[in-house]
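A short worksheet on the structure shown next.
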Amino acid sequence: MPQADESFAEKSWLVRKLPQGNRARLELAAFVLALVVGALVWMERERIADDFIAGQLADLGIPARYEVVSIGPRRQVLRNVVVGDPARPDLTIELVELRLRYRIGMPQIASLKLVRPRLQGKIGPDGLSFGALDKVIFAEREAPPQLPDIDLKLVDGQGRIATDYGPLLFAAAGSGGLDDGFRGSLVASGSRWTNGDCTAGPARLTGVIAVDDGKPSLRGPLHLARVACAASEFSLDALEMQLAMEVGRDLSSLSGKGAVKTGKLAQGTVRSQGLNGDLTLRATDGIVSSRFDLAARSVQFQQLMLTTLGAVGEVTLRGESGRIEASGKLHGNELRLGRGVDQSLRQAQANSVGTLAESLLGKFRGAIAREAKGSTLNAEFLLRSKQGTVSLVMPRAEWRGGSGAQLVALSQLQLALKGGSIEQISGNFLTGGRDLPQINGRIQRATGGMPVLRLAMEPYASGNSRLALPVLVVSQVDEGDFALTGKMVASGAIPTGSVEDAEFPLTGGWDSRGGAWLWRRCTDFHFARLTISELELEGSRARICPNGRAPILALDRRGTRFSARMDAHDWAGRLAGEPARIRFESARFSSRTGFAAEDIELAYGAADSRSRFVLGKVATSPGALAAGNFQAGEFALGPVPMDISEASGRWSFVNGVLSVAEGQFRVSDRQGSARFEPLVARDAVLEFADGRIEALAALRHPASDTIVTEVVIEHDLASAVGHASLAVDALRFDTQLQPADLSGLALGIVALADGTLNGSGRIDWRGSDVVSTGSITTDDFDFAAEFGPVNGVSGTVRFSDLVALTTAPDQKLKIASINPGIEVFDGELTFELRDGQFLSLKHGIWPFVGGTLILRPVQLNLKVPEERRYVIEIVGADAALFVQQMDLGNISATGTFDGSFPLVFDENGDGRIEDGQLISRPPGGNLSYVGELTYEDLSAMGNYAFQTLRSLDYRKMTVVMNGLLSGEIITQLKFDGVRQGKDASRNIFTKQLAKLPIEFRINIRAQFHQLLTSFKSLYDPSFLRDPRDLGLLTSDGTRFIRPDKEEPVPGDEPAIQRQESEQMP
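Letter 716 of the sequence shown, counting from 1, is numbered 1868 in this note's numbering, and no numbers are missing.
Structure, rendered in structure tokens:
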């Protein structure tokens, strides 16, 4: 203590200047004063301390409550400190210990110990706030801010900051000089934060706090489990950062660095397996700058994918102006097409099978896949943003394939955006590489200041497929509006065909109000050659026009729409190597109403075998672009001499297959004199695919709706080879259907048909060559021929040329019975039909009363009216069997006859017998009546005649017949070498007469169907009524009774035509 006093005295200027005597007195006075002051301070210590603390709080404007535990000149202890509203305090401290030091007599805080402080804060619209403490924490100071020279000991400090998104909790502890030497720990956490549809958490920061030379620092890991936003489809998993942050001595600057590592992250369609890298940060004087070196793993854009994508550079934010500048380099590895693009290309390739796009897309996809392995991406960039204006400069950028070839190159790219609109854009680009399109393009400003893109693509070829863009210009014409002009040239396959050097003028644009469009005016599309299946057109054009005010093709928010029309077109070419012509009157195409065309005609082939296909109307159904209906169709396949007309039905085109269903049509014979009557079909079906036609139809008789035949047609357009199969299944002829209803050839030949036919046929054609075969079978068929009823026809007729209705030679049919006047049974007819016109009846034979009835060969022309002559020959007919078969009752006859009966039918179908003869064979025979006489009281001559004729032996008998089958037949019977038979009555007179040569001549005049009745009446008087009963003779039978004459009624004609006046034989 003395040393201290000595030292004090030595250093005191006032002591050194005073005289020594006075000095002693002064020292004494000072000592006494110090004792007095010390006593007073000690007695008032609590009040002085309280005044100091209260003064400090009052100066800061902080409302607070506390309890004084102890007060000393250098140490004060308070407890239960409450700052702010006691109900909701901003800060509470369980125990506060202050140690004071005095500077120039004024106390200052030398150290501070806080035990279990609890701090409450919030983040609101005005930023971070700690309530009553804001006046201290955020107070403006004239001197630069810095940490105070205080030793702080923080024991179990905790806090909570409330936000609109969720609370942030933290805890801290430590000790040391706040301006130098403080060491402590900080833990901050949050379980879940929510902002709109975004959520984050849980998060945790664990760090070490230190202050060195007045500079606070924080080091430690930050972990954020997940961030997700539903609307923007953003998500981030497992963010980890190793932080090293330091605040400047004046607390106005911040610097730091950190190592970043994340799990999966995504933004919309952009995906990555994670992000790694380093960040540095420096903020001072309102300028924030950061350097970055980041790399994303397995990056997936909708259009592109990369194994890695890295960025190295620097970004600067100038707070006062809001200007942002970023520069750096991009680098990537394994750049390849994204799943969306590749899937679209793969789908496009699959959908374009059989077209030029298929091979071009396949070549492009293969080249991209090959070059993607080991490919690299490098680019340099400079980005500036200020007050809503963003500019990007990319001096160079390139994508190199795994082969080292440059696939895409950009140079001098400049882009300026303002308010989301492009204000400026310019630059050059190139594409290339093996098996990839070679495109050269440039974007620049036009004279009016609007950007213009010009590019050209060299012919890109794969096999026979080729696509080129000699020129394409896209120019901006207004704010958000663009115009497009150019030309595209294509060659290669199209569905079912190919095209060569097709030129498509491109005129279109983009309207910010109406979207994209192409072709507002009529446009001519040229092609050097167009092949569709076997149709080939050369050097033609097609003019397509908008259908109304709308462009031909439009694309906007409502989708893709097209609307076009084609007026009358007429193209010449070749089909399957034959001259062809295709024309139509009009056509309409619309995505809303579909397709409609009128008067479509395709004709091909030589003049003598020309095929023709016509559709009067064809259209799509509402809401369907590849299905509809057609009407007024006409089809004629040259080699097949049948025409289809009045065709209608439904059609569809799916997966390259044209189908027709519910088809209805009328089929008729193309020849002038039809071989068959028109038939109709309904519910017919057809398919056309890969150049082949397959059709199925049931042909019906229109009036009765009877199915006549079922037809299956197959035709290959490329080879012009095809066939038609026909099936006749139980075709029934009855009162509803007759042969003449199916073919006029049967008219007058076959009538009253009753029976069933079965058959099959096949027509094959190759070009104009046609081969056809078929057969018709019946087991029991009845009909009426012009020469009489025919029953029980059976057999199979085979056609060697079904189309021409020509049979194989010597067709045979069994005939159960035929009745040309006399019924015969169990016959067989051999015939041949040629060209559906010439019928050759070669031979007909029937057993006939012990002999044979033969139809001699005859040639008939069925298509022209003509006189037809049939000759029926009778060989070896037995008279006894004839009488028995004809059931002639009391007549008995013997003898064998031969002869023939010519039957002649004129062009009207009226028949007659000309000089029909039957002649008995030697030695003749006998004709007898074995019944009883029914007439009584005949005269002697009558009795003689009857008795004489009762039994006649003849040496020769001749029967001659002439006359109309529909009228009277005159039959002449002549008996030569007649003598009485054994049953005849004999007397002296007859015996004398028998010695004379007697010849009988008998004429019979009767209707053809009454002929046998008249013949029977010759020998059977009972078959005729008694003439006395009819009033023709007197009751004694000796004289005729003349009938009373009646006046004829004027104009009346007799019911029976008068006999001819000429002499009858």
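Glycine is no exception: its CB is placed at the ideal position from the N, C-alpha and C atoms.
Since the structure is predicted, the reported quantities are computational estimates derived from the model, not experimental observations.
Boundaries (first-last residue) of the alpha helix (DSSP H) holding residue i
{"i": "residue 1493", "result": "1491-1503"}
{"i": "residue 1144", "result": "Past the boundaries of the shown model lies residue 1144; the chain is included only from 1153 to 2217, so the question cannot be answered."}
{"i": "residue 1367", "result": "Segment 1367-1381 is the beta strand (DSSP E) holding residue 1367; no alpha helix (DSSP H) there."}
{"i": "residue 1990", "result": "First-last for residue 1990: 1990-2000, but that is the beta strand (DSSP E), not the alpha helix (DSSP H)."}
{"i": "residue 2065", "result": "No alpha helix (DSSP H) holds residue 2065; the beta strand (DSSP E) holding it covers 2063-2072."}
{"i": "residue 1676", "result": "Note, residue 1676: premise wrong, no alpha helix (DSSP H); beta strand (DSSP E) at 1675-1684."}
{"i": "residue 1769", "result": "First-last for residue 1769: 1763-1772, but that is the beta strand (DSSP E), not the alpha helix (DSSP H)."}
{"i": "residue 1288", "result": "1286-1289"}
Where the beta strand (DSSP E) through residue i begins and ends
{"i": "residue 1389", "result": "1386-1399"}
{"i": "residue 1921", "result": "1921-1937"}
{"i": "residue 1265", "result": "1258-1276"}
{"i": "residue 1577", "result": "1573-1583"}
{"i": "residue 1605", "result": "1603-1614"}
{"i": "residue 2218", "result": "The structure shown has nothing for residue 2218, since the chain only spans 1153 to 2217."}
{"i": "residue 1302", "result": "Note, residue 1302: premise wrong, no beta strand (DSSP E); not H, not E."}
Selection from the options that minimises the alpha carbon distance to residue i
{"i": "residue 1258", "options": "1242, 1245 and 1226", "result": "1226"}
{"i": "residue 1440", "options": "1453, 1472, 2028 and 1448", "result": "1472"}
{"i": "residue 2018", "options": "2057, 1879 and 1531", "result": "2057"}
{"i": "residue 2021", "options": "1269, 2049, 2061 and 2037", "result": "2061"}
{"i": "residue 1235", "options": "1244, 1228 and 1229", "result": "1244"}
{"i": "residue 1310", "options": "1337, 1564 and 1490", "result": "1337"}
{"i": "residue 2012", "options": "1992, 2000, 2005 and 2024", "result": "1992"}
{"i": "residue 1807", "options": "1502, 1835, 1718 and 1453", "result": "1502"}
{"i": "residue 1425", "options": "1450, 1438, 1444 and 1442", "result": "1450"}
{"i": "residue 1351", "options": "1928, 1361, 1383 and 1327", "result": "1383"}
{"i": "residue 1539", "options": "1663, 1497 and 1469", "result": "1469"}
{"i": "residue 1943", "options": "1908, 1915, 1960 and 1961", "result": "1908"}
{"i": "residue 1713", "options": "1743, 1349 and 1692", "result": "1743"}
{"i": "residue 1736", "options": "1927, 1721 and 1562", "result": "1721"}
{"i": "residue 2029", "options": "2051, 2044, 2010 and 1304", "result": "2051"}
{"i": "residue 1222", "options": "1734, 1585, 1240 and 1251", "result": "1251"}
{"i": "residue 1268", "options": "1216, 1324, 1254 and 1261", "result": "1324"}
Local Cβ density within 10 Å of residue i, reported as buried at 16 or more and exposed below that
{"i": "residue 1414", "result": "buried"}
{"i": "residue 1289", "result": "exposed"}
{"i": "residue 1277", "result": "exposed"}
{"i": "residue 1191", "result": "With a pLDDT of only 43 at residue 1191, under the threshold of 50, the placement of this residue in the model should not be trusted; the figure read from the coordinates follows. By the neighbour-count rule (16 or more Cβ atoms within 10 Å), residue 1191 is not buried but exposed."}
{"i": "residue 2078", "result": "buried"}
{"i": "residue 1511", "result": "buried"}
{"i": "residue 1643", "result": "buried"}
{"i": "residue 1523", "result": "buried"}
{"i": "residue 1558", "result": "exposed"}
{"i": "residue 2106", "result": "buried"}
{"i": "residue 2081", "result": "buried"}
{"i": "residue 2074", "result": "exposed"}
{"i": "residue 1159", "result": "Bear in mind that the predicted position of residue 1159 carries a pLDDT of just 37, short of 50, making it too unreliable to give a figure here."}
{"i": "residue 1348", "result": "exposed"}
{"i": "residue 1242", "result": "buried"}
{"i": "residue 1893", "result": "buried"}
### Query
Does the region 1782-1800 come close enough to the region 1940-1952 to have 3 or more Cβ pairs within less than 8 Å?
no
### Query
Are the region 1403-1411 and the region 1432-1441 in contact at 8 Å, needing three or more beta carbon pairs?
yes
### Message
What ranges does the alpha helix (DSSP H) occupy inside the region 1847-1906, keeping only unbroken runs of at least 4 residues that lie completely in it?
### Response
1891-1894
### Task
Assess, as a yes-or-no matter, whether the region 1541-1550 is touched by the region 1839-1849 under the definition of 3 or more beta carbon pairs within less than 8 Å.
no
### Message
Give the list of continuous beta strand (DSSP E) stretches no shorter than 3 residues that lie fully inside the region 1506-1553.
### Response
1528-1538 and 1541-1552
### Query
What runs of the beta strand (DSSP E), each 3 residues or longer, lie entirely inside the region 1776-1828?
1779-1788, 1794-1806 and 1809-1821
### Task
Evaluate contact between the region 1457-1468 and the region 1482-1502, counting only Cβ atoms and requiring at least three cross-stretch pairs below 8 Å.
yes
### Query
Are three or more beta carbon pairs between the region 1749-1757 and the region 1692-1706 nearer than 8 Å?
no
### Query
With a cut-off of 8 Å, do at least 3 Cβ pairs link the region 1390-1398 to the region 1368-1377?
yes
#### Entry: At least 3 beta-carbon pairs within less than 8 Å: the region 1792-1805 vs the region 1818-1829
yes
### Task
Please list the segments of the beta strand (DSSP E) lying wholly inside the region 1220-1256, counting only runs of 3 or more residues, in order along the chain.
1227-1235 and 1243-1255
### Task
With a floor of 3 residues, list each beta strand (DSSP E) that falls wholly inside the region 1616-1656, ordered by position along the chain.
1617-1630 and 1633-1646
#### Entry: Every unbroken beta strand (DSSP E) within the region 1435-1493, with a cutoff of 3 residues, ordered by chain
1439-1452, 1456-1470 and 1475-1485
### Query
Taking contact to mean at least 3 C-beta pairs separated by less than 8 Å, is the region 1677-1687 in contact with the region 1651-1668?
yes
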